[in-house]
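If you read the sequence shown in my numbering, its first letter stands for residue 2, the second for the next number, and so on.
Here is the structure we will look at, set down as structure tokens.
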Amino acid sequence: MTKVFNNLTDKELISMINNGAVGVIPTDTIYGLVALAGNKKAANKVLMIKGRKNKPGTLIASDLGQLVELGIKRRYLKAVEQFWPGAVSVILPVPANLDYLHGGLMTLPVRVTDNKKLLKLLNKIGPIITTSANLPDQKPAENIDEAKKYFGDNVDFYVDGGQVSSGPPSTIIRIIDDAIEIVRQGAVEVTERGIKQSKSDD
Numbered sequence: 002m003t004k005v006f007n008n009l010t011d012k013e014l015i016s017m018i019n020n021g022a023v024g025v026i027p028t029d030t031i032y033g034l035v036a037l038a039g040n041k042k043a044a045n046k047v048l049m050i051k052g053r054k055n056k057p058g059t060l061i062a063s064d065l066g067q068l069v070e071l072g073i074k075r076r077y078l079k080a081v082e083q084f085w086p087g088a089v090s091v092i093l094p095v096p097a098n099l100d101y102l103h104g105g106l107m108t109l110p111v112r113v114t115d116n117k118k119l120l121k122l123l124n125k126i127g128p129i130i131t132t133s134a135n136l137p138d139q140k141p142a143e144n145i146d147e148a149k150k151y152f153g154d155n156v157d158f159y160v161d162g163g164q165v166s167s168g169p170p171s172t173i174i175r176i177i178d179d180a181i182e183i184v185r186q187g188a189v190e191v192t193e194r195g196i197k198q199s200k201s202d203d
């Protein structure tokens, strides 16, 4: 039976995620379908439930150390750490052994969050792989009821964070030859010179 929690620090929730559970939580931007990034079986289940194979999710961590421990090279992280913490995802090279996360692309959008509630969870479980809580070509869920219509009992848990407005997702960028390429302008406004201003308080 799918469990419903009211906060991200519930001990049972933390235990479930650490043991490979997949579910829906309020992230630092929108509701996300999430799993522990270090758990191959759980990460694969996220993509299966989402109904897509060739588009990887986003890796979210509490700090650079969690990403290094997962296998991302520190030099790549140090080169972009000025964009973090915050709702900016940077596409970075990812090791071949994490192919279950990147699907053979050898890169992933990665970010370090500044959301206090999410940080408390990540500090207890490690980095997560996440994708927006919706099915292909549908709008992201703004509350748990909408998420349940998409996923029903196909997920192990839901965390009810109330109504989340249909605000922008994270901004996605990549660095090419020291230049910033804007892949998706989102919650944080980024220019070719760097962060311009925040559009939200996430």
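Yeah, the Cβ is synthetic: ideal placement off N, Cα and C, and Gly gets one too.
Only a predicted model underlies this, so the values are computations on that prediction, with no experimental measurement involved.
Taking C-alpha positions only, K150 is separated from A180 by approximately 42 Å. Residue pairing from DSSP leaves T114 without any beta-bridge partner. For V81, no beta strand (DSSP E) segment is defined; the enclosing uninterrupted segment is the alpha helix (DSSP H) at 75-81.
For the options K4, P141, P170, the alpha carbon positioned closest to that of R112 is the one of P170.
The beta carbon of Y77 is closer than 8 Å to those of L93, P94 in its chain, skipping five residues each way along the sequence. In this structure, DSSP gives I50 a helical state, which the three-state scheme calls helix. If only uninterrupted beta strand (DSSP E) runs of at least 3 residues are considered, those enclosed by the region 123-164 are 129-133, 158-160.
Residue state for A97 is assigned as helix, using DSSP reduced to three classes.
By DSSP's assignment, L37 forms a beta bridge with I129. In the DSSP assignment, G72 falls outside any alpha helix (DSSP H) and carries neither an H nor an E. Cα atoms of M2 and K79: separation of roughly 43 Å, rounded to the nearest angstrom.
Sorting L14, V89, L9, D138 by C-alpha distance to the C-alpha of V191 places V89 at the top.
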